[in-house]
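Keeping their order, the protein sequence lines are chains A and B.
Residue numbers 1276 to 1504, in my numbering, belong to the letters of the first sequence in order.
Residue numbers 1276 to 1504, in my numbering, belong to the letters of the second sequence in order.
Using N, Cα and C, we set each Cβ at its ideal position, and we do this for glycine too.
Everything numeric in this text was worked out from a predicted model, so none of it was measured.
2 protein chains.
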Amino acid sequence: MKNTQNLSTIFIIDDDASIGNMLEEILKKEGYQVLRAYSGTEALFVLERQKPDLILLDLMLPGLDGREILPKIKGIPVIVISARAETEDKVSLLLSGAADYMTKPFDTRELLARIVVQLRNPSVAGTASALEFAGISLSADTHQVSVWGLPVKLTRTEYAILKLLMANPSQVITKTLLLERISEDTPDCMESSLRVHISNLRKKLRDAGGQDYIESVWGIGFKMKEIEN
Amino acid sequence: MKNTQNLSTIFIIDDDASIGNMLEEILKKEGYQVLRAYSGTEALFVLERQKPDLILLDLMLPGLDGREILPKIKGIPVIVISARAETEDKVSLLLSGAADYMTKPFDTRELLARIVVQLRNPSVAGTASALEFAGISLSADTHQVSVWGLPVKLTRTEYAILKLLMANPSQVITKTLLLERISEDTPDCMESSLRVHISNLRKKLRDAGGQDYIESVWGIGFKMKEIEN
DNA sequence: CGCATTTTTTACCGGTTCCGGACAACAGAA
DNA sequence: TTCTGTTGTCCGGAACCGGTAAAAAATGCG
């Protein structure tokens, strides 16, 4: 069963033309859309305007190393392809955010299978465009939120928090997870800020909807309150 | 700081005791909760009552083959471990739903990294890490506990204790182990405190369920009481 | 540059939870 | 039984956490 309908876009980042061409050919034969980049800087440039569903990243790159661009990729699964077979390399790359690691030379059938595995994941691929929860509606494209029709003006952070909470209703979101998602690269110690943001968000929602929507779980984090009609 | 709170449960399905024991030891050292099963049928039986966060599945199993139980697992990532290195095996297993595939012998560091990759996934909305025992249900998602449907409000420590006890039902948990897991950053948290926590936990469960669920083993520790219907 | 908005820090309060001692109740050994 | 070590529970103080307001710092905008 091939992906003949749901053609996903795969981004090949590889300076080696021969391997890249072979991959492109195989992937296209499988019905995938293919993007190409031949250096790390080029890859980042492409990623600024396009959002592929999967990235095949060769580590040996001119200019920016693969290791350096991996942390800059967010929300897209990355399969690292490398000639290095040492465990240290695999471990460090996987822990740095890679979704999988294949050693050259590899069997293309296995690569194709592992690509399917990644694309099968409904994680970030289709970022839900609209969320709805007990009167709160949140649209991703317009970045607007309304409670029972009344528009509510939220700041960027408040919006991010609410989105994360509404994406997993009735599930506790850890404070650490919230902090990671909201302010990506601050080392630590803004747990107090989170409290303030939650407080402000609560207030705005309460002013618009008349009730408190966010529940705090002592010592753990926050969740959307279960509302019974 | 280490993730003391979010210890995930990993389910090892392997009939080979030596490999299984080694895995269990390593995983526990990493702070994971471990479940074991030694056959396919046993694995399915366990999965009816518990929902781990990840499954390590050895293909060579007595009775039900690993291939047969893989399709029955839904919503939990499965890392297949097998001695067969042929591409056909990898491909078929990956396409059948496996999240990853490791060939024996493998480097445990790589396995640990790949486990992290799977657990890192903002997992399927499905309820992971749910435990059920004689009317007590404990869900990791909502961080809530209920006895025969009645919600019980537990402290963070109480929750941790109960989770540890319920993860290994009818097995004595030593006081020292409980102390290690619960207050990771207190040098030697007094044993008297643990007694208090257990006492409070007992009281809350008793108030909701009408009976005492925790049994104390003189001089050793605690375990869940065996309850006959 | 000045101004407005947003984010972060700081401080404080009230409530929750934890700790560890005290002491009675209990189980096991002699 | 008596003695000894363990367990269950009560309790006060300490430490911690969460909510909010106000100030300070950072950011965006014209």
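Original post:
Less than 7 Å separating the beta-carbons of Pro1352 (chain B) and Gln1325 (chain B)?
Top reply: In this structure, Pro1352 (chain B) keeps its C-beta atom at 7 Å or more from the C-beta atom of Gln1325 (chain B).
Would you say Asp1328 (chain B) and Ser1412 (chain B) are within 7 Å of each other, going by their C-beta atoms? For the pair Asp1328 (chain B) and Ser1412 (chain B), the CB atoms are not nearer than the 7 Å cut-off.
>> Can you tell me whether Tyr1488 (chain B) is helix, strand or coil according to DSSP?
In response: If DSSP states are grouped into helix, strand and coil, Tyr1488 (chain B) belongs with coil.
Requested in this report: Please name the residue in B:Tyr1434, B:Tyr1376, B:Leu1331 and B:Trp1493 whose C-alpha comes closest to that of Arg1447 (chain B).
Outcome: Per the sequence presented here, residue 1447 (chain B) reads as Val, with Arg not at that position. Measuring from the Cα of Val1447 (chain B), the nearest candidate turns out to be B:Trp1493.
Check: Among all the DSSP beta bridges, which residues are the ones paired with Ser1412 (chain A)?
Finding: DSSP output for Ser1412 (chain A) lists A:Glu1407 and A:Ser1421 as bridge partner(s).
Can you check which of these residues, B:Arg1359, B:Lys1479, B:Thr1362 and B:Ala1373, is closest to Glu1343 (chain B) by C-alpha distance?
Looking at the Cα atoms, B:Ala1373 is the closest of the given residues.
Neighbourhood of Leu1369 (chain A) by C-beta distance below 7 Å, restricted to the same chain and skipping five residues each side:
For Leu1369 (chain A), the CB contacts under 7 Å within the same chain, skipping 5 residues up- and downstream, are Tyr1376 in chain order.
How about Leu1331 (chain A) and Ile1287 (chain A): do their beta carbons lie closer than 7 Å? Yes, the pair counts as a contact, with Cβ atoms nearer than the cut-off.
Original post:
Looking only at C-alpha atoms, which of A:Trp1423, A:Val1427, A:Ser1314 and A:Val1321 sits nearest to Thr1417 (chain A)?
Top reply: The residue with the shortest Cα to Cα distance from Thr1417 (chain A) is A:Val1427.
Along the chain, where does the alpha helix (DSSP H) containing Arg1311 (chain A) start, and where does it finish? Note, Arg1311 (chain A): premise wrong, no alpha helix (DSSP H); beta strand (DSSP E) at Gln1308 to Ala1312.
Exercise. Which residue from B:Ser1414, B:Lys1303, B:Ala1483 and B:Lys1365 puts its Cα closest to that of Ile1390 (chain A)?
Worked result: It is B:Lys1365.
Query raised in the report: Taking Cβ to Cβ, would you say Leu1506 (chain A) is nearer than 7 Å to Leu1469 (chain A)?
Result: No information on residue 1506 (chain A) is available, as it lies outside the stretch 1276 to 1504 that chain A covers here.
Exercise for review: Classify Glu1466 (chain A) as buried or exposed, calling it buried when 16 or more other Cβ atoms lie within 10 Å of its own Cβ.
Suggested key: Within a 10 Å sphere around the beta-carbon of Glu1466 (chain A) sit fewer than 16 other beta-carbons, which makes this residue exposed.
- Could you tell me the boundaries of the beta strand (DSSP E) in which Gly1496 (chain A) lies? First-last of the beta strand (DSSP E) with Gly1496 (chain A): Gly1496 to Met1499.
Query raised in the report: Relative to chain A, which residues along the region 1341 to 1368 of chain B have a C-beta separation below 7 Å, given in chain order?
Result: Residues are counted here when their Cβ sits less than 7 Å from a Cβ of chain A; for the region 1341 to 1368 of chain B these are Thr1362, Lys1365 and Val1366, given in chain order.
Comparing alpha-carbon positions, which option in A:Ile1473, A:Asp1482, A:Gly1484 and A:Ala1483 lies nearest Glu1490 (chain A)? Distances from the alpha-carbon of Glu1490 (chain A) to those of A:Ile1473, A:Asp1482, A:Gly1484 and A:Ala1483 put A:Ile1473 closest.
Fill in: DSSP-derived helix/strand/coil call for Gly1401 (chain B)
Unreliable placement is indicated for Gly1401 (chain B), whose pLDDT of 47 sits below 50; no coordinate value is reported for it.
### Task
Kindly indicate which residue of A:Leu1339, A:Thr1383 and A:Asp1333 has the alpha-carbon position closest to the one of Arg1359 (chain A).
With distances taken between Cα atoms, Arg1359 (chain A) lies closest to A:Asp1333.
Partner residues on chain B for Ala1374 (chain A), Cβ-Cβ distance less than 8 Å:
Close partners of Ala1374 (chain A) in chain B (Cβ separation under 8 Å): Val1392.
Quiz prompt | Span of the beta strand (DSSP E), counted from its first residue to its last, around Asp1364 (chain A) | solution = Taken as a continuous stretch (DSSP letters only), Asp1364 (chain A) belongs to no beta strand (DSSP E), being part of the alpha helix (DSSP H) at Thr1362 to Leu1370.
- request: Under 7 Å Cβ to Cβ from Leu1302 (chain B), same chain only, skipping five residues before and after it: list those, please.
  value: Excluding sequence neighbours, Leu1302 (chain B) sits near Ile1285 and Val1309.
| CA nearest to the CA of Gly1424 (chain A), picked from A:Ser1458, A:Ile1436, A:Phe1381 and A:Ala1483 | The residue from A:Ser1458, A:Ile1436, A:Phe1381 and A:Ala1483 with its alpha-carbon nearest to that of Gly1424 (chain A) is A:Ala1483.
_Measuring straight from C-alpha to C-alpha, what distance separates Glu1385 (chain A) and Gln1419 (chain B)?_
In a straight line, the C-alpha of Glu1385 (chain A) is about 41 Å away from that of Gln1419 (chain B).
inquiry  = Beta-carbon within less than 8 Å of Ser1371 (chain A)'s beta-carbon, same chain only, minus the 5 sequence neighbours each way: which residues are those?
reply    = In chain order, Arg1342, Leu1345 and Pro1346 place their CB closer than 8 Å to the CB of Ser1371 (chain A), counting only its own chain and leaving out the 5 sequence neighbours on each side.
At the 7 Å Cβ level, is Glu1466 (chain A) part of the contact set with chain B, yes or no? Not one chain B Cβ lies under 7 Å of Glu1466 (chain A).
- Query: Of the residues B:Glu1407, B:Glu1361 and B:Ile1436, which one's Cα is nearest the Cα of Phe1471 (chain B)?
  - Reply: Note that residue 1471 (chain B) corresponds to Val in the displayed sequence, not to Phe. Closest in alpha carbon position to Val1471 (chain B), among B:Glu1407, B:Glu1361 and B:Ile1436, is B:Ile1436.
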